[in-house]
Amino acid sequence: FLASKNGSNMQAIIDACADGRIPASPSLLICNNPTAFAAARARAAGLTVEILNGKTHPNPSDLDLAIEEALLAHQIDLVILAGYMKRIGKRVLSSFSNRILNIHPSLLPKFGGRGMYGIRVHQAVIQSGESETGATVHLVNERYDEGPILQQRSINVDSEDTPEALQQRTLVLEHSLYPDTIAKIAKGEIDLPDP
Ligand code: GRF
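Everything in the sequence shown is counted per this note's numbering, starting at 4 for the first residue and increasing by one.
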């Protein structure tokens, strides 16, 4: 996992591995923020936590290399971005090509791209008068929210919805969509493109 914040999606995936819904074993969290709740959650679940960021590695290409080395050292098959607020470097993108997943809280390609994160996504959905929104799990390539879509799930937007309410309901959706997508990959029901 790479995470920066609360880590609730990571937790949902760890739980699904623990109860057998996902035939996989989570082993490593790379976290840029030492005080993120995600780091505490990962330690509690017995994962190795590596804090790698602009302080530990001021040069971005050194940071990219350190992340790649950590992933390789732990023999990671699938990299799960779970609320990771930093860009993935070229080296990691190329070593783990078509093996990096992200979840985005909208029905991509709508409401993705630059500046579309957190509550802003849900504000934009409401401002645009959309009747539905949802979440998308996609592969990560150099063009952030534009990688191939693996699965999406939608919910209705109600006229009385606030951005906060929508964010909350979307997050609940994410907690089933993300583990389900990973389970399908692990079971061979979703085929990832060749690396
Ligand atoms: C989620 O809304 C996810 O879609 C986005 O970042 C948020 C992470 O939440 N990429 P959490 O840290 O998993 O609770």
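All residues carry an ideal CB built from backbone N, CA and C; glycine is no exception. The structure displayed is predicted, hence computed values, not measured ones.
- What's the C-alpha gap between Glu177 and His141? The residue you call residue 177 lines up with position 174 of the sequence shown. The residue you call residue 141 lines up with position 138 of the sequence shown. Between Glu177 and His141, the C-alpha separation is close to 12 Å.
Practice prompt. From the DSSP output, in three-state form, read off His178 for me.
Written response: As a position in the sequence shown, residue 178 is number 175, starting the count at 1. Helix, per DSSP.
* Asked: Phe40 and Gly86 look like a contact to me (Cβ under 8 Å); what is the Cβ gap, rounded to whole Å?
  -> Taking the sequence shown and counting its residues from 1, one reaches residue 40 at position 37. Taking the sequence shown and counting its residues from 1, one reaches residue 86 at position 83. Wrong, their Cβ atoms sit about 10 Å apart, outside the cutoff.
Nearest-angstrom beta carbon gap, Ala73 and Leu31 [assumed within contact, 8 Å] = Counting from one through the sequence shown, the residue named residue 31 turns up at place 28. Counting from one through the sequence shown, the residue named residue 73 turns up at place 70. Between Ala73 and Leu31 the Cβ distance is about 7 Å, and since that is below 8 Å, they are a contact.
query = the ligand GRF heavy atoms versus the CB of Met13: any closer than 7 Å?
reply = Here residue 13 is taken as the residue at index 10 of the sequence shown, counted from 1. Yes; taking the cut-off as 7 Å, the Cβ of Met13 has a heavy atom of the ligand GRF nearer than that.
Counting only the same chain and skipping the five closest in sequence on each side, list residues whose C-beta sits under 8 Å from that of Val160.
Counting from 1 along the sequence shown, the entry for residue 160 is found at position 157. Val128, Ile129, Glu133, Ser134, Glu135, Thr136 and Leu169, listed in sequence order.
Leaving out five residues before and five after Gly121 in sequence, what residues of the same chain have Cβ atoms less than 6 Å from its Cβ?
What you label residue 121 is simply residue 118 of the sequence shown in a count that begins at 1. Hits under 6 Å: none found.
Measure the C-alpha to C-alpha separation of Glu145 and Cys34 and round it to an integer number of angstroms. Within the sequence shown, numbered from 1, the residue matching residue 145 stands at position 142. Within the sequence shown, numbered from 1, the residue matching residue 34 stands at position 31. Looking at the two C-alpha atoms, the distance is approximately 20 Å.
| message | Quick check on this structure: which residue in Arg94, Tyr147, Asp80 and Asn56 has the alpha carbon closest to the alpha carbon of Leu111? | response | By 1-based counting over the sequence shown, the position of residue 111 is 108. For Leu111, the nearest C-alpha among the options comes from Tyr147.
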